Structures are given as structure tokens and as C-alpha cells.
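J.: Note that the protein sequences, when read in sequence, are chains D and Z.
So that you can map any letter, position 60 of the first sequence is 60 in the working numbering, and since no number is skipped, the others follow by simple counting.
So that you can map any letter, position 10 of the second sequence is 1010 in the working numbering, and since no number is skipped, the others follow by simple counting.
Quick reminder that beta carbons are idealized off the backbone N, C-alpha and C, glycines included.
A quick note: this is a predicted structure, and the numbers were derived from the prediction, not measured.
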Amino acid sequence: MLLFLISILSGIISGMGIGGGTILIPALTIILKLDQHIAQSINLISFIPIASVAVITHFKNKNIDFKLSPKLIVSGIIGAVAGSILSSFMSSEVLRKLFALFLFFMGIYEITYKKDRE
Amino acid sequence: MKKNMSFTKIALIGVCSGFLNGLFGSGGGTVLVPAMVFLLGVDEQKAHATAIFVILPLSIISSFIYFKNNFVNWPPALIVSAGGMIGAYIGAKLLNRLTPRALRIIFGASMVAAAIRMVF
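Here you go:
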């Protein structure tokens, strides 16, 4: 039940355009004491149905840049394979600390984020 | 705002976002959106939409590699998928992209707090 509540909250945050996964993963490891790798895989898997729905909406609204995306996808796949394999070689302890560092900088970015329009 | 869109620059952005997304199981989009806006001069709304379209196949591939390495626990993954979809729908209806600065600061601060908590 707690897990379901946490997932709804992080979904709301991602729906609003702020990184939902970056807050879901620490919630899963700190509150539910899940292993770092498991928490990360939960975020990756849950992103698939959520993003699929979002892609359909954005496609209808003609917001996707189809000239740019193939290049980003092809190069991104190389990075994704390398990152996932490297991650599988790390212990959960080390990965958790590295993730914390990444999260720290993402948090600072969100705090200092300023939109031109604002 | 048209900026130089050399293939090397695009490829570097793609590799980095994919790498971080695979390594940390998240954050690919959080890096990709500002990279597209500031380095490639893509309009912010388009950058958001394009980032999701790009990260989707990358997450599928990373999920598969995590699965192969036995890092997947299906029951919580399915519960989070269901809850996440409900939440994402509410979030999108609640506020469409124009996220108030106060909210960003609250979430940013929670991220920093969680980061510190995870190290100790």
C-alpha cells in the first residue's frame, strides 16, 4: 500500500515535468529498504508504460523532433548498454553512493532552475 | 535560437544520457532536456517530448540488461507501474509543463536531502 502511494506521488511529479524517477529511487531504498539495483530496475520498468502513453500524446501534439531523435537514440543505445553493464558490475553499496552524488547535483539543478519565461 | 547541431555534439549528448540512465536507472531525461535546450537550442516543450521519445527505447534496453542480471523484482515493479501511470495522469492534468518555481525548489531540496541521507 505504501509502495502504491509512493508510486502515485512520484508519477505526479514526473507528470509535472520534474524528474520523478530521481525521487522514486531514494524513496524505495530509504523508506522501503529495497536494494539499489532493484530500485533502479523498478524505475526503468515503470517508465516504459508511462512514457509510452506520454509519447502518444506528444506525437499527436507534434512535439517530437523526428530529425534529432534518431541520432540521439542510436548514440543513446551505446551509452545505455555501457551504463547498464557497468552498473551490474558494481556492488549495491558503491552504486548507492554514486547515485547519491548524482542525485545531489540533480537536486541543486532543480533548485537553481530558472525558466526564461518566469 | 538556432545552435550548431553537429553530429558529434548530438552523439555525445546521446551517449552521456544513455550512460547515466543505464548506470542509475533514472535521470536520462533530466540530463537530456537541458542539454537539448542549452546546447542544441531546441524549444523547451519540444525538448521534453523528444526526451521521453528518446529515453523510452533506452530504458527498454537497460531494463532488459537489468533483467538478465537478475536485478528485477516483478511484484513491486508492476505495482509502481500502475501507481506511476495514475500519478503521471494526475500530474499532467494538474499542471501542464509550467511547473511553479516553488515546487521545483521543494523537490530539489528533497533530492539533496535524500542524497545526503543515502551516503550516511
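Which residues in chain Z sit within 7 Å of residue 86 (chain D), going by Cβ to Cβ distance?
T.: What residue 86 (chain D) touches in chain Z: 1023.
J.: Whole angstroms is fine: what's the gap from residue 121 (chain D)'s alpha carbon to residue 1069 (chain Z)'s?
T.: In the structure displayed, chain D extends from 1 to 118; residue 121 (chain D) sits before or after that span and is not available.
J.: Using a Cβ cut-off of 7 Å, pull out every chain Z residue sitting near residue 110 (chain D), in sequence order please.
T.: Chain Z residues near residue 110 (chain D): 1104, 1107, 1108, 1111.
J.: How many Å lie between residue 92 (chain D) and residue 67 (chain D) at the Cα?
T.: Taking the straight line joining both Cα atoms gives about 38 Å.
J.: Which same chain residues end up closer than 8 Å to residue 1027 (chain Z) when comparing Cβ atoms and leaving out the 5 residues on each side of it in sequence?
T.: For residue 1027 (chain Z), where only same-chain residues beyond five positions count, the Cβ hits under 8 Å are 1020, 1021.
J.: Who are the neighbours of residue 46 (chain D) on chain Z, taking C-beta pairs under 7 Å?
T.: Near residue 46 (chain D) (Cβ distances below 7 Å), the residues of chain Z are 1077, 1080, 1081, 1084.
J.: Of the residues that make up the region 1044-1056 of chain Z, which ones have a beta carbon closer than 9 Å to any beta carbon in chain D?
T.: Cβ contacts with chain D come from 1044, 1045, 1046, 1047, 1048, 1049, 1050, 1051, 1052, 1053, 1054, 1055, 1056.
J.: Consult DSSP for residue 117 (chain D) and reduce its assignment to one of helix, strand or coil.
T.: Here the model assigns residue 117 (chain D) a pLDDT of 45, short of 50, so the residue's position is not dependable, and the following value carries that caveat. Correct three-state label for residue 117 (chain D): coil.
J.: Could you give the distance in angstroms between the alpha-carbon of residue 118 (chain D) and the alpha-carbon of residue 70 (chain D)?
T.: Because residue 118 (chain D) sits at a pLDDT of 39, beneath the cut-off of 50, its placement in the model cannot be relied upon, and the following sentence gives the value as read from the coordinates. For residue 118 (chain D) and residue 70 (chain D), the distance between alpha carbons rounds to 32 Å.
J.: State yes or no: is the beta carbon of residue 1013 (chain Z) nearer than 8 Å to at least one beta carbon in chain D?
T.: Yes, contact with chain D.
J.: Applying a beta-carbon distance threshold of less than 7 Å, which residues of chain D neighbour residue 1058 (chain Z)?
T.: Residues of chain D passing the Cβ test: 76, 77, 80.
J.: With 8 Å set as the bound, which would you pick, yes or no: does the beta-carbon of residue 1094 (chain Z) sit closer than that to a beta-carbon of chain D?
T.: Output row for residue 1094 (chain Z): interface = yes.
J.: Run through DSSP, which three-state label would residue 1038 (chain Z) get?
T.: Three-state DSSP puts residue 1038 (chain Z) in a helix.
J.: Can the beta-carbon of residue 1091 (chain Z) be found closer than 8 Å to that of residue 56 (chain D)?
T.: Contact flag unset, no.
J.: Check whether the Cβ of residue 1038 (chain Z) lies closer than 8 Å to any Cβ atom in chain D.
T.: Residue 1038 (chain Z) does not count as touching chain D.
J.: Hey, residue 1077 (chain Z) and residue 41 (chain D): beta-carbon distance below 8 Å or not?
T.: Yes, Cβ-Cβ distance for residue 1077 (chain Z) and residue 41 (chain D) is below 8 Å.
J.: Using the Cα positions of residue 27 (chain D) and residue 1034 (chain Z), report the straight-line distance between them to the nearest angstrom.
T.: Straight-line Cα distance between these residues: approximately 24 Å.
J.: With a threshold of 8 Å between beta carbons, is residue 1006 (chain Z) in contact with chain D?
T.: It does not; no Cβ of chain D falls within 8 Å.
J.: DSSP state of residue 77 (chain D), grouped into three classes?
T.: Residue 77 (chain D) falls in the helix class under three-state DSSP.
J.: Can you give the beta carbon distance from residue 18 (chain D) to residue 1018 (chain Z), rounded, assuming they're within the 8 Å contact cut?
T.: 21 Å between Cβ atoms; not a contact.
J.: Using alpha carbons as the reference points, say which of D:84, D:88, D:74 lies closest to residue 1053 (chain Z).
T.: Comparing Cα-Cα distances from residue 1053 (chain Z) to each of D:84, D:88, D:74, the minimum goes to D:74.
J.: Out of Z:1014, Z:1083, Z:1108, state which residue places its alpha-carbon closest to the alpha-carbon of residue 6 (chain D).
T.: It is Z:1083.
J.: Report the neighbours of residue 97 (chain D) on chain Z: residues whose CB is nearer than 8 Å to its CB, in chain order.
T.: Within chain Z, the residues near residue 97 (chain D) are 1118, 1119.
J.: On the three-pair Cβ rule with 8 Å, is the region 1037-1048 of chain Z touching the region 30-39 of chain D?
T.: Flag = no, the region 1037-1048 of chain Z and the region 30-39 of chain D do not touch.
J.: Helix, strand or coil for residue 1027 (chain Z)? Go by DSSP, reduced to three states.
T.: In the structure shown, residue 1027 (chain Z) sits in coil (DSSP, three-state: anything other than H, G, I, E or B).
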